[in-house]
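J.:
Protein chains: 2
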Amino acid sequence: MESLFSHMVNSMHAEDVKILMKQSSGKNVISFAGGMPNNDLFPVQQIDEIYGTLPLDLKKLSFQYGPTSGYPPLVRSIEKYLRKKGLPVDENKTLVTTGSLQAISIITQEFVNKGDVILTENPCFVGALTVFETYGADIQGIPIDEHGIKIDALKKKIRSLDKTPKFLYVTPNYHNPAGIIYTPERKKELIETLSGTGIILLEDDAYNDLYFKVEEKYLTKPMISYTSKDVEIIYTGSFSKILGPGFRLGYMLASPYIYEKAENIKQALDACTSNLTQILANEFMEQGKLEPYLEFLRKEYSGRKELIQNSLKKYMPEEITWNEPKGGFYVWLDLPERMNSTDIFKESLKKGVVFVTGRTFDPKSTKDDCLRLSFSNMPKEDIEKGVEILSDAIRKKM
Amino acid sequence: MESLFSHMVNSMHAEDVKILMKQSSGKNVISFAGGMPNNDLFPVQQIDEIYGTLPLDLKKLSFQYGPTSGYPPLVRSIEKYLRKKGLPVDENKTLVTTGSLQAISIITQEFVNKGDVILTENPCFVGALTVFETYGADIQGIPIDEHGIKIDALKKKIRSLDKTPKFLYVTPNYHNPAGIIYTPERKKELIETLSGTGIILLEDDAYNDLYFKVEEKYLTKPMISYTSKDVEIIYTGSFSKILGPGFRLGYMLASPYIYEKAENIKQALDACTSNLTQILANEFMEQGKLEPYLEFLRKEYSGRKELIQNSLKKYMPEEITWNEPKGGFYVWLDLPERMNSTDIFKESLKKGVVFVTGRTFDPKSTKDDCLRLSFSNMPKEDIEKGVEILSDAIRKKM
Numbered sequence: 011m012e013s014l015f016s017h018m019v020n021s022m023h024a025e026d027v028k029i030l031m032k033q034s035s036g037k038n039v040i041s042f043a044g045g046m047p048n049n050d051l052f053p054v055q056q057i058d059e060i061y062g063t064l065p066l067d068l069k070k071l072s073f074q075y076g077p078t079s080g081y082p083p084l085v086r087s088i089e090k091y092l093r094k095k096g097l098p099v100d101e102n103k104t105l106v107t108t109g110s111l112q113a114i115s116i117i118t119q120e121f122v123n124k125g126d127v128i129l130t131e132n133p134c135f136v137g138a139l140t141v142f143e144t145y146g147a148d149i150q151g152i153p154i155d156e157h158g159i160k161i162d163a164l165k166k167k168i169r170s171l172d173k174t175p176k177f178l179y180v181t182p183n184y185h186n187p188a189g190i191i192y193t194p195e196r197k198k199e200l201i202e203t204l205s206g207t208g209i210i211l212l213e214d215d216a217y218n219d220l221y222f223k224v225e226e227k228y229l230t231k232p233m234i235s236y237t238s239k240d241v242e243i244i245y246t247g248s249f250s251k252i253l254g255p256g257f258r259l260g261y262m263l264a265s266p267y268i269y270e271k272a273e274n275i276k277q278a279l280d281a282c283t284s285n286l287t288q289i290l291a292n293e294f295m296e297q298g299k300l301e302p303y304l305e306f307l308r309k310e311y312s313g314r315k316e317l318i319q320n321s322l323k324k325y326m327p328e329e330i331t332w333n334e335p336k337g338g339f340y341v342w343l344d345l346p347e348r349m350n351s352t353d354i355f356k357e358s359l360k361k362g363v364v365f366v367t368g369r370t371f372d373p374k375s376t377k378d379d380c381l382r383l384s385f386s387n388m389p390k391e392d393i394e395k396g397v398e399i400l401s402d403a404i405r406k407k408m
Numbered sequence: 011m012e013s014l015f016s017h018m019v020n021s022m023h024a025e026d027v028k029i030l031m032k033q034s035s036g037k038n039v040i041s042f043a044g045g046m047p048n049n050d051l052f053p054v055q056q057i058d059e060i061y062g063t064l065p066l067d068l069k070k071l072s073f074q075y076g077p078t079s080g081y082p083p084l085v086r087s088i089e090k091y092l093r094k095k096g097l098p099v100d101e102n103k104t105l106v107t108t109g110s111l112q113a114i115s116i117i118t119q120e121f122v123n124k125g126d127v128i129l130t131e132n133p134c135f136v137g138a139l140t141v142f143e144t145y146g147a148d149i150q151g152i153p154i155d156e157h158g159i160k161i162d163a164l165k166k167k168i169r170s171l172d173k174t175p176k177f178l179y180v181t182p183n184y185h186n187p188a189g190i191i192y193t194p195e196r197k198k199e200l201i202e203t204l205s206g207t208g209i210i211l212l213e214d215d216a217y218n219d220l221y222f223k224v225e226e227k228y229l230t231k232p233m234i235s236y237t238s239k240d241v242e243i244i245y246t247g248s249f250s251k252i253l254g255p256g257f258r259l260g261y262m263l264a265s266p267y268i269y270e271k272a273e274n275i276k277q278a279l280d281a282c283t284s285n286l287t288q289i290l291a292n293e294f295m296e297q298g299k300l301e302p303y304l305e306f307l308r309k310e311y312s313g314r315k316e317l318i319q320n321s322l323k324k325y326m327p328e329e330i331t332w333n334e335p336k337g338g339f340y341v342w343l344d345l346p347e348r349m350n351s352t353d354i355f356k357e358s359l360k361k362g363v364v365f366v367t368g369r370t371f372d373p374k375s376t377k378d379d380c381l382r383l384s385f386s387n388m389p390k391e392d393i394e395k396g397v398e399i400l401s402d403a404i405r406k407k408m
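First to last, the protein sequences are chains A and B.
Start counting at 1 in the first sequence, then tack on 10, and there's your number in the working numbering.
Start counting at 1 in the second sequence, then tack on 10, and there's your number in the working numbering.
1. Could you please give the first and the last residue of the uninterrupted beta strand (DSSP E) stretch that includes SER409(A)?
2. Express the C-alpha separation of LYS124(A) and GLY146(A) in angstroms, rounding to a whole number.
3. Using a beta-carbon distance below 9 Å, is PRO47(A) in contact with chain B?
4. Please list the segments of the alpha helix (DSSP H) lying wholly inside the region 349 to 404 of chain A, counting only runs of 4 or more residues, in order along the chain.
5. Hey, is ASN186(A)'s beta-carbon within less than 9 Å of any beta-carbon in chain B?
6. From PRO389(B) to ASN48(B), what does the alpha carbon distance come to, in whole angstroms?
7. Kindly list, in the order they appear in chain B, the residues whose Cβ is closer than 8 Å to that of THR287(A).
8. Is the shortest distance between the beta-carbon of VAL141(A) and the beta-carbons of chain B less than 9 Å?
9. Among GLU357(A), GLU398(A), ARG382(A) and SER386(A), whose alpha-carbon lies nearest the alpha-carbon of LYS406(A)?
10. Whole-angstrom Cβ separation of LEU212(B) and TYR184(B), contact assumed at under 8 Å?
11. Name the chain A residues that come within less than 7 Å of SER72(B), Cβ to Cβ?
12. Per the contact definition of three or more C-beta pairs closer than 8 Å, is the region 165 to 175 of chain B in contact with the region 112 to 121 of chain B?
13. From PRO194(A), TRP342(A), LYS374(A) and GLU89(A), pick the residue whose C-alpha is nearest to that of TYR236(A); which is it?
14. So is SER441(A) buried or exposed if we call it buried at 16+ other beta carbons inside 10 Å?
15. Which residues in the same chain have their Cβ closer than 6 Å to the Cβ of LEU3(A), if we skip the five residues on either side of it in sequence?
16. By the criterion of Cβ-Cβ separation under 8 Å, what are the contact partners of LEU220(B) in chain A?
17. Within 9 Å of any Cβ in chain B, is that where the Cβ of PRO266(A) sits?
18. Starting from PHE52(A), find everything on chain B with Cβ-Cβ shorter than 7 Å and list it in chain order.
19. Consider the C-beta atom of ALA188(A) and the heavy atoms of the ligand GDP; say whether any pair is separated by less than 8 Å.
20. Could you pull out every unbroken alpha helix (DSSP H) segment of at least 4 residues lying fully inside the region 85 to 170 of chain A, listed in chain order?
21. DSSP three-state label for GLU12(A), please.
22. I'd like the list of long-range same chain contacts for LEU92(B), defined as Cβ closer than 6 Å, with 5 residues on each side in sequence excluded.
23. Classify PHE73(B) as helix, strand or coil using the three-state DSSP reduction.
24. For GLY109(A), go through chain B and note every residue whose CB falls closer than 8 Å to its CB, in chain order.
25. Could you give the distance in angstroms between the alpha-carbon of LYS231(A) and the alpha-carbon of VAL364(B)?
26. Looking only at its own chain, which residues have a Cβ that is under 7 Å from the Cβ of LYS315(A), when we skip the five neighbours before and after it?
27. Please report the straight-line C-alpha distance between ARG308(A) and ASN102(A), rounded to a whole angstrom.
28. So that I know if they touch, is there some Cβ in chain B lying closer than 9 Å to that of ASN274(A)?
29. Check GLU334(B) in the structure and name its three-state DSSP category.
30. Name, please, each residue of chain E whose Cβ falls closer than 7 Å to the Cβ of GLY298(B).
31. Note down the Cα distance separating ILE159(B) from GLU199(B), rounded to an integer number of angstroms.
32. THR144(B) touches chain A at which residues, Cβ-Cβ below 9 Å?
33. Pull up the distance between the alpha-carbon of VAL366(A) and that of THR352(A), whole angstroms please.
34. Could you spell out where the beta strand (DSSP E) holding ASP344(A) opens and where it closes?
35. Could you work out which residue in MET22(A), ARG382(A), ALA281(A) and ILE154(A) is closest to THR140(A) when comparing CA atoms only?
36. To the nearest angstrom, report how far apart ASP26(A) and PHE355(A) are at their CA atoms.
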């Protein structure tokens, strides 16, 4: 496995990894698979500056245990940053987690017993699906359209169930894998639909800062900051897209009663998150290095988005459709129903192009007439060539 | 809580923390409570050197996701280090974890369903007790003596139980909190006792490197490296005592079938451990910085052990007995049965001295005629004064 970039296979379907390993050494592959920044995009220089000027006391502290709830200055920095976005920080409590996946894992452990129903979007972030499966949840997927989760389908699903789902997990902003952003109307409708049902809303907002146009930033307003709601909302965020996944830093914002048990669970998972990564992240925020870095990232990803859109328009067969994302990392290709992306994967891999197959994101692992292209991770100059090869593979399988 | 050093309260009983918070600001307290290195003992200069000369490619990689199993060069370094100690690395598989507590948590999640019996030593490492409680284990404690777990009591307990315990959790080398090390005979007897019972042995060896005399190093030989055994042994180790707890790095060594499910559980807990901390730890080992640092630590802790022993001899009332550890961080005080350490805690806190009460380490949270003194964390010059105050407090409560 080491000959492959591990991050290439992290979000891939297990069966597809087997195909990849059989057919390829992983070298010289053009990968649309990885849902993470390219190594060249990380703020290495900024962290160098921070480390180089870190006072000795803080350096020493970075080797030490910290509180389970998080390094207190980082908790304050996160709260300041969320308050600025309009989030209800004071009514809730903030828990620093070892990546936002740990927050999802904690919430699942807090609420889900084997056989309990939870709702997700379909398609759904595969990392979350892995967590839900590990803890034995009965996962019920709800289809989405270009504006968000389908409200009618959600209502119908809730009515059809014998027991109340423990929560609904959504990634409304720059959806992984579908690349959409919920409209404000859809967010409102979703909150109204859940009101009074007792179903918790688990709002995963890992891509919040990555809008392409500042005039569309208002679309990213998280549901937890909507007023007049009668829904318990747990909000999770991540440093993986705005600093680096290798720091394993995320957080959750939840009401005190949910927080309290969550902190106990975290205590039993890893006692606390690394002080070293927390101290560096806090300096990154406190020294005003985050905002300029986000400006850089937005330009970079927006440029990459243009490139992939132009290439798709140039090469894709007419029957294939896709979204134009307003932010984030992903383009989602809709194939004609008769096609399946696993066949295309095998075909395109022969020419050295990989992506993530549609079924990977389906809770039932079946719906496969779609696929995810990530434009965040590959070298920019490979995008056009990769799309051309993929288009040829699709044409061959039509 | 922030006014207290968080690491002071990390391993304390919840009730004792309440007492502490009521009676003291946490400032100017002499603490025998914290089971971790003093901030002044961390290898700050060595990590500075490593960071300062880290090639750009590795720096970039430190921001990125890594494989769930661990950063491959670190896995190799750990395996080399364990092989040198005689551990059966090749028959087993190594999983890097976010602190060794995560390894304990993973194993508990893998084997324990609510109500399942597990066995521990009594007293037992409180962090592990928290994990076992969180996952609903029925914890059965077995007393220990100065040579290790009491074999007769263990046999009796196993016979008395309706169902087979899932595992026995032990910390045989420089026990936390009791400070003892198992004799080789006791280790052998333990393995023989478990042979054929189906009870897994979970061997926590966080203090292995911290012997005081090189001629006693042979005593640290882990049970997983004993030959002719018919017991499944899972071995866990930690970087918390040999680099720094703030790095959140540990590992487990287990047979492939246990490893496989453990890796899946880790995937659902935090996807992977921080690449940044793993890369730094790997360089620390690969560049030959670990061994000289261990030499330094052994001298330091051995000197501290002398100091606390001399102070105890000088000040303690005659009725009080304690061990002289051969390594590690802890002295365990036995009080006359009529006394309890919680009363002493309240008394000594008035004069600004804290420690961890006996009941903290009892699975049933009752046995309190004992207490733990850690000599690893406090400033060296406070040891004598601290022991004097504690002795006065004990005398008052006699």
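For glycine and all other residues, C-beta sits at the position ideal for the given N, C-alpha and C.
T.: Answer, in terms of the structure:
1. This structure leaves residue 409(A) out entirely; chain A is present only between 11 and 408.
2. Here residue 146(A) is taken as the residue at index 136 of the first sequence, counted from 1. Here residue 124(A) is taken as the residue at index 114 of the first sequence, counted from 1. Roughly 4 Å between the two C-alpha positions.
3. In the first sequence, the residue the question calls residue 47(A) occupies position 37. At least one CB atom of chain B sits nearer than 9 Å to the CB of PRO47(A).
4. 351 to 360
5. The residue given as residue 186(A) occupies position 176 in the first sequence. No, no contact with chain B.
6. On the second sequence, residue 389(B) is found 379 positions in, with the first residue counted as 1. On the second sequence, residue 48(B) is found 38 positions in, with the first residue counted as 1. About 7 Å.
7. Numbered from 1 along the first sequence, position 277 holds the residue referred to as residue 287(A). Chain B residues near THR287(A): SER284, LEU286 and THR287.
8. As a position in the first sequence, residue 141(A) is number 131, starting the count at 1. Closer than 9 Å: yes.
9. On the first sequence, position 396 is the one that residue 406(A) refers to. Closest by alpha carbon: GLU357(A).
10. Taking the second sequence and counting its residues from 1, the one referred to as residue 212(B) is at position 202. Taking the second sequence and counting its residues from 1, the one referred to as residue 184(B) is at position 174. The pair is not a contact, with the Cβ atoms about 17 Å apart (cut-off 8 Å).
11. As a working note, residue 72(B) is residue 62 in the second sequence. Under the 7 Å cutoff, chain A gives GLY256.
12. no
13. Your numbering for residue 236(A) matches position 226 in the first sequence. The option with the nearest alpha carbon to TYR236(A) is PRO194(A).
14. What is shown of chain A runs 11 to 408, which leaves residue 441(A) out entirely.
15. Here chain A comprises residues numbered 11 to 408, so residue 3(A) is not present and cannot be evaluated.
16. Position 210 of the second sequence, counted from the start, is the residue given in the question as residue 220(B). Correct list: empty, because the minimum Cβ distance to chain A is about 16 Å.
17. Locating residue 266(A) in the first sequence gives position 256, where the first residue counts as 1. It does not: the Cβ of PRO266(A) has no partner Cβ on chain B nearer than 9 Å.
18. Counting from one through the first sequence, the residue named residue 52(A) turns up at place 42. Under the 7 Å cutoff, chain B gives LYS70 and PHE73.
19. Among the ligands in the structure shown, none appear at all, so the ligand GDP cannot be discussed.
20. Qualifying alpha helix (DSSP H) stretches, in chain order: 110 to 121, 136 to 144 and 161 to 170.
21. On the first sequence, position 2 is the one that residue 12(A) refers to. Here GLU12(A) scores only 41 on pLDDT, less than 50, and its place in the model is too uncertain to base an answer on.
22. Stepping through the second sequence from its first residue, residue 92(B) is reached at position 82. Cβ neighbours of LEU92(B) beyond the five flanking positions: VAL99.
23. By one-based count along the second sequence, residue 73(B) stands at place 63. Of the three classes helix, strand and coil, the one that applies to PHE73(B) here is coil, per DSSP.
24. Here the question's residue 109(A) lines up with position 99 in the first sequence. Here the neighbours are ASP280 and ALA281.
25. On the first sequence, residue 231(A) is found 221 positions in, with the first residue counted as 1. On the second sequence, residue 364(B) is found 354 positions in, with the first residue counted as 1. Rounded to the nearest angstrom, the two C-alpha atoms are 48 Å apart.
26. Taking the first sequence and counting its residues from 1, the one referred to as residue 315(A) is at position 305. Contacts found: PHE222, PRO335 and PHE385.
27. Here residue 308(A) refers to the residue found at position 298 of the first sequence. Here residue 102(A) refers to the residue found at position 92 of the first sequence. For ARG308(A) and ASN102(A), the distance between alpha carbons rounds to 29 Å.
28. Locating residue 274(A) in the first sequence gives position 264, where the first residue counts as 1. Judged by the 9 Å Cβ criterion, ASN274(A) is in contact with chain B.
29. Counting from one through the second sequence, the residue named residue 334(B) turns up at place 324. The answer is coil: DSSP assigns GLU334(B) none of H, G, I, E or B.
30. Annotation note: the requested chain E is absent from the structure, which comprises protein chains A and B.
31. Taking the second sequence and counting its residues from 1, the one referred to as residue 159(B) is at position 149. Taking the second sequence and counting its residues from 1, the one referred to as residue 199(B) is at position 189. The straight-line gap from Cα to Cα measures roughly 10 Å.
32. Position 134 of the second sequence holds residue 144(B). Simply GLN119, ASN274, ILE275, GLN277, ALA278 and LEU279.
33. Along the first sequence, read from residue 1 onward, the residue named residue 366(A) stands at position 356. Along the first sequence, read from residue 1 onward, the residue named residue 352(A) stands at position 342. Whole-angstrom Cα-Cα distance: 9 Å.
34. Here residue 344(A) refers to the residue found at position 334 when the first sequence is read from its first residue. Element bounds for ASP344(A): 340 to 344.
35. Residue numbering aside, residue 140(A) sits at position 130 when the first sequence is read from its first letter. Distances from the alpha-carbon of THR140(A) to those of MET22(A), ARG382(A), ALA281(A) and ILE154(A) put MET22(A) closest.
36. Translated into the one-based positions of the first sequence, residue 26(A) becomes position 16. Translated into the one-based positions of the first sequence, residue 355(A) becomes position 345. Cα to Cα, the separation comes out at about 8 Å.
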